[in-house]
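Trainee: Dumping the structure here so I can ask a few things about it.
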Amino acid sequence: MSKTNPTTTRGETETMPIAFVGAGPGDPALITLKGHQLLQEADVVIYTGSLVPKDLISHLSALIYNSAGITLEQVISIMVPAAKSGRRVVRLHTGDPAIYSAIQEQIECLRKENIPFEVVPGVTAGFAAAAVLGQELTIPGITQTVIFSRIGGRTPVPPSEELSRFAKIHATLILYLSVGHIRQVQEDLLAGGYSPDTPVEVIEKVSWPTQRVISGELENIAIKIEQAGISKTAVILVGKVLSEPEHLHGKRSLLYAPEFSHGYRKGLSHSRVDTSSEAPLDCYSSANNKAIPQRLFFVYLTPGGRTLAHRLSELFSNKDVLIYSYSELVEDQLIKKIWQRDIGFVFIMASGIVIRAIAPLLKSKPDDPAVVVMDEAGHHAVSLLSGHLGGANELARMLALKAGGQAVITTASDTLGLVALDMWARVQDMVPDDRSTLKKASAALVASGSLKTYTDCQVHSLPAGLIKVYDPGKAWLIISPYLIPEVKPILHLYPRIFALGIGCNRDTPSQALETAAEEFLNRHKVSPKTLFTLASIDAKKDEACLLALGQKWDLDIRFFTAEQLNTVPVKKPSQYAMEAVGAYGVAEPSAILAVDNGKLRVQKEKTNGITLALGERAFALTEDQIF
660 MSKTNPTTTR GETETMPIAF VGAGPGDPAL ITLKGHQLLQ EADVVIYTGS
710 LVPKDLISHL SALIYNSAGI TLEQVISIMV PAAKSGRRVV RLHTGDPAIY
760 SAIQEQIECL RKENIPFEVV PGVTAGFAAA AVLGQELTIP GITQTVIFSR
810 IGGRTPVPPS EELSRFAKIH ATLILYLSVG HIRQVQEDLL AGGYSPDTPV
860 EVIEKVSWPT QRVISGELEN IAIKIEQAGI SKTAVILVGK VLSEPEHLHG
910 KRSLLYAPEF SHGYRKGLSH SRVDTSSEAP LDCYSSANNK AIPQRLFFVY
960 LTPGGRTLAH RLSELFSNKD VLIYSYSELV EDQLIKKIWQ RDIGFVFIMA
1010 SGIVIRAIAP LLKSKPDDPA VVVMDEAGHH AVSLLSGHLG GANELARMLA
1060 LKAGGQAVIT TASDTLGLVA LDMWARVQDM VPDDRSTLKK ASAALVASGS
1110 LKTYTDCQVH SLPAGLIKVY DPGKAWLIIS PYLIPEVKPI LHLYPRIFAL
1160 GIGCNRDTPS QALETAAEEF LNRHKVSPKT LFTLASIDAK KDEACLLALG
1210 QKWDLDIRFF TAEQLNTVPV KKPSQYAMEA VGAYGVAEPS AILAVDNGKL
1260 RVQKEKTNGI TLALGERAFA LTEDQIF
């Protein structure tokens, strides 16, 4: 029985419009609502082979055809009779049907048969790639032009559209169907006038779980792509807009400029534009608040100090706040018991009193808590101790903002307007390869005013002082979850983005699990520092090897019920696991659930009764740090 279109009552002989639908670049969630609705209503679906995600079609009740192995005539022979018999036909193309889809020849055939049709747009790979990079493609003063093209292959391009000609425009280029000829792309663009240091980003299988991003410059991108073994299903982005902000010289659009008028807002004159950088309290970022210790002690000496302590404590309703008198905290020796990292102290009294009180307790930069000193009137909030790691700088700023006073910050990076690397890494949930290298990198940043930074992570924005480069060999700072043994930067920061899903036999030796996990991570060039949790089934809550690994690697373990695990589709269900623990899989679904249904970065691998998989949560670098 045919399904009914919600806007049309169909008779048996009524010809139904054929819908050409863009499936998007790969992520099933990127199809449009209309496209998704048409698929649900479809009686016949013809899709473009492996380039369309199976999740879009696997649940459909329609007749489904894969067009990868058939000709245009065969496609038409399926579509036309079905449409004429009143059935809803969806021709599902990857990306957007308007670009490199060959729908025009299909449309011409339909017109000859008087078959109505509609085209439903989709997200094309080039725009999805820009989203992955966190990158606008048109920036004032750099370029306002984006060119979609390809290099000539079995399908030639007109001589007037050769890449060397486009290169003369210096627009943003988005190249499809060209990565297999990356050497020719490189030669043509260099010959056309692009400089060797022009940024290039190549994204393989954009938005798919197996997506890879290769960053480089025009002079070295070919060798990088060849080394990565990428030869198809990738989009290439080229242009100066891909440079980091220091190359853009603060260029901004007129649309949101205070002095710019348009139909919805009257611009201010330059004399009336408020350029104050102070943000209201309700605009203070969550990253800033995250940097502040969860437990805070306000310490007062006088009644006026007590009043100020109570008023300021209202700022921190989401934290554990305690208020003590100086005698209760210091003279009664309570401070000795609670003096530790991840605690913050706000002393409302003279700084000399505070210095004499805490001097015997000082240990080291990584171990000491945050200490802020304020005067009773709230005029100044002085970050006295652990400004970056402990969050005292951030705490001082928030207190000064609330009190209407001024924060006094003396750490070098702050006074120079540079990023505080230790605090920024903490806010971004990144860990250094070694704490001593973090100190060296911070010193190099202060000394030189910048750090050449390589990252293969998605970037929304980088803080002041970090200059993006596209060759890890030229970088002083590397930000990557992957091991890059061939280079030696000053500092390597590892984003904690992976969850290690684990399934194992009962009573597996602890050393066997640890060895298997280390070898698994090494095979995929992943540092254990990038793990933020282990994951498994709740039937393993008492498994000694799991608990031992979590303790040794200082990681939490997230356990899920069999019912929760079975909500995650697995490609290769295990009947053995179902009989043993009631779930069709453990390693893969637990890894995916642990990253809040993020990506499965590495599919399960099994060895000696141990199954491991790697889930990846969403992550993008931002400049969020201390204000």
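If you're matching positions, the sequence shown starts at 660 in my numbering and goes up one per residue.
Each residue gets a CB set at the ideal place from its N, CA and C atoms; glycine is no exception.
The structure presented is a predicted model; accordingly, all values stated were derived computationally and were not measured.
Within a Cβ cutoff of 6 Å, which residues of the same chain sit near Ala1253, ignoring the five residues on either side of it in sequence?
Mentor: Contacts found: Ala1158, Thr1192, Ala1194, Arg1217, Gly1274.
Trainee: The alpha helix (DSSP H) that contains Ser760, what's its start and end?
Mentor: Unbroken run through Ser760: none, as it is neither H nor E.
Trainee: With three or more beta-carbon pairs closer than 8 Å as the criterion, would you say the stretch 706-725 touches the stretch 807-825?
Mentor: No, they do not touch.
Trainee: Could you name the residues that DSSP lists as bridge partners for Pro1091?
Mentor: According to DSSP, Pro1091 bridges with Leu1152.
Trainee: Taking only runs that begin and end inside the stretch 992-1063, name each unbroken beta strand (DSSP E) of 3 or more residues, in chain order.
Mentor: As far as the stretch 992-1063 is concerned, its whole beta strand (DSSP E) runs of at least 3 residues are 1002-1007, 1029-1033, 1039-1044.
Trainee: What residue range is occupied by the uninterrupted alpha helix (DSSP H) comprising Glu1173?
Mentor: Per DSSP, Glu1173 belongs to the alpha helix (DSSP H) from 1169-1182.
Trainee: Compute the Euclidean distance between the alpha carbons of Ser1010 and Val1032, then round it to the nearest angstrom.
Mentor: Those two C-alpha atoms are separated by around 6 Å.
Trainee: Taking 7 Å as the cut-off, decide whether the C-beta atoms of Ala682 and Gly781 are in contact.
Mentor: Yes; because the gap between Cβ atoms is below 7 Å, this pair is in contact.
Trainee: Measuring straight from C-alpha to C-alpha, what distance separates Ala1242 and Asn1225?
Mentor: Looking at the two C-alpha atoms, the distance is approximately 6 Å.
Trainee: Assuming contact is defined by CB atoms lying nearer than 7 Å, are Asp1027 and Leu1044 in contact in what I supplied?
Mentor: Yes, the pair counts as a contact, with Cβ atoms nearer than the cut-off.
Trainee: Does the stretch 828-837 come close enough to the stretch 763-775 to have 3 or more Cβ pairs within less than 8 Å?
Mentor: Output reads no: the stretch 763-775 does not touch the stretch 828-837.
Trainee: For the pair the stretch 1126-1139 and the stretch 1167-1182, tell me if three or more CB-CB distances fall below 8 Å.
Mentor: No, they do not touch.
Trainee: For Pro818, count the other beta carbons within 10 Å of its own beta carbon; 16 or more makes it buried, fewer makes it exposed. Which is it?
Mentor: Exposed is the call here.
Trainee: So who's on the other strand from Thr1192, going by DSSP bridges?
Mentor: According to DSSP, which records beta bridges pairwise, Thr1192 is partnered with Ala1158, Asp1215.
Trainee: With contact counted as at least three CB pairs below 8 Å, one residue from each stretch, are the stretch 959-968 and the stretch 981-1001 in contact?
Mentor: The stretch 959-968 is in contact with the stretch 981-1001.
Trainee: Closer than 6 Å by C-beta to Leu1280: which residues in its own chain qualify, once you throw out the five before and the five after it? Chain order, please.
Mentor: Closer than 6 Å at Cβ, skipping near neighbours: Cys1116, Val1118.
Trainee: Cβ of Ala1246 within 7 Å of Cβ of Gly1160?
Mentor: Going by C-beta atoms, Ala1246 is nearer than 7 Å to Gly1160.
Trainee: Please classify Arg970: does DSSP put it in a helix, a strand, or coil?
Mentor: Looking at Arg970 - three-state DSSP - the assignment turns out to be helix.
Trainee: Identify the residues that DSSP records as bridge partners of Thr1226: which are they?
Mentor: DSSP output for Thr1226 lists no bridge partner at all.
Trainee: Look up Tyr983 in the DSSP assignment and say whether it is helix, strand or coil.
Mentor: Here Tyr983 sits in strand by DSSP.
Trainee: Which residue or residues does DSSP assign as beta-bridge partners of His718?
Mentor: Per DSSP, none; premise fails for His718.
Trainee: Tell me the residue span of the beta strand (DSSP E) that contains Tyr1129.
Mentor: Run containing Tyr1129: none; DSSP gives neither H nor E here.
Trainee: Should Leu974 be labelled buried (16 or more other beta-carbon atoms within 10 Å of its own) or exposed?
Mentor: The residue in question, Leu974, is buried, as its Cβ has 16 or more Cβ neighbours within 10 Å.
Trainee: Can you find the residues in the same chain that come closer than 7 Å, C-beta to C-beta, to Ser972, ignoring five residues on each side of it along the sequence?
Mentor: Correct list, in chain order: Phe957, Val980, Ile982.
Trainee: Are the CB atoms of Pro1091 and Leu1152 nearer to each other than 7 Å?
Mentor: Yes, the pair counts as a contact, with Cβ atoms nearer than the cut-off.
Trainee: Can you check whether the CB of Leu1190 is closer than 7 Å to the CB of Leu1150?
Mentor: Against a cut-off of 7 Å, the Cβ pair of Leu1190 and Leu1150 comes out as no contact.
Trainee: Please report how far the alpha carbon of Leu796 lies from the alpha carbon of Val1005, in whole angstroms.
Mentor: Spanning the two alpha carbons is a distance of roughly 46 Å.
Trainee: Candidates Ala893, Ile723, Val1067, Pro1232: which alpha carbon is nearest Ala1030's?
Mentor: What sits at residue 1030 in the sequence shown is Val, not Ala. Comparing Cα-Cα distances from Val1030 to each of Ala893, Ile723, Val1067, Pro1232, the minimum goes to Val1067.
Trainee: Less than 6 Å between C-beta atoms, sequence neighbours within five positions excluded: which residues of the same chain meet that for Lys1258?
Mentor: Here the set comprises Pro868, Glu1275.
Trainee: For the putative contact between Ile951 and Gly1050, defined by C-beta atoms under 8 Å, what is the C-beta separation to the nearest angstrom?
Mentor: Right, their Cβ atoms sit about 5 Å apart.
Trainee: Can you grab the Cα-Cα spacing for the pair Ser944 / Arg1085, in whole Å?
Mentor: Its pLDDT being 44, under 50, Ser944 is placed unreliably in this model, and the value from its coordinates should be taken loosely. About 15 Å.
Trainee: Using only the alpha-carbon positions, how far apart do Ala1062 and Asn1052 sit?
Mentor: Cα to Cα, the separation comes out at about 15 Å.
Trainee: Please classify Thr892 as buried or exposed, where buried requires at least 16 other C-beta atoms within 10 Å of its C-beta.
Mentor: By the 10 Å Cβ count, Thr892 comes out buried.
Trainee: Roughly how far, in whole angstroms, is the beta-carbon of Val680 from the beta-carbon of Val779, given that I think they are within contact range, below 8 Å?
Mentor: Val680 to Val779, Cβ: 5 Å. Contact.
Trainee: Return helix, strand or coil for Ala938, following the three-state DSSP convention.
Mentor: Per-residue confidence for Ala938 stands at a pLDDT of 41, beneath the threshold of 50, marking its modelled position as unreliable; no derived number is given.
Trainee: When we look at the beta-carbon of Ser726 and count the other beta-carbons within 10 Å, is it buried (16 or more) or exposed?
Mentor: It counts as buried.
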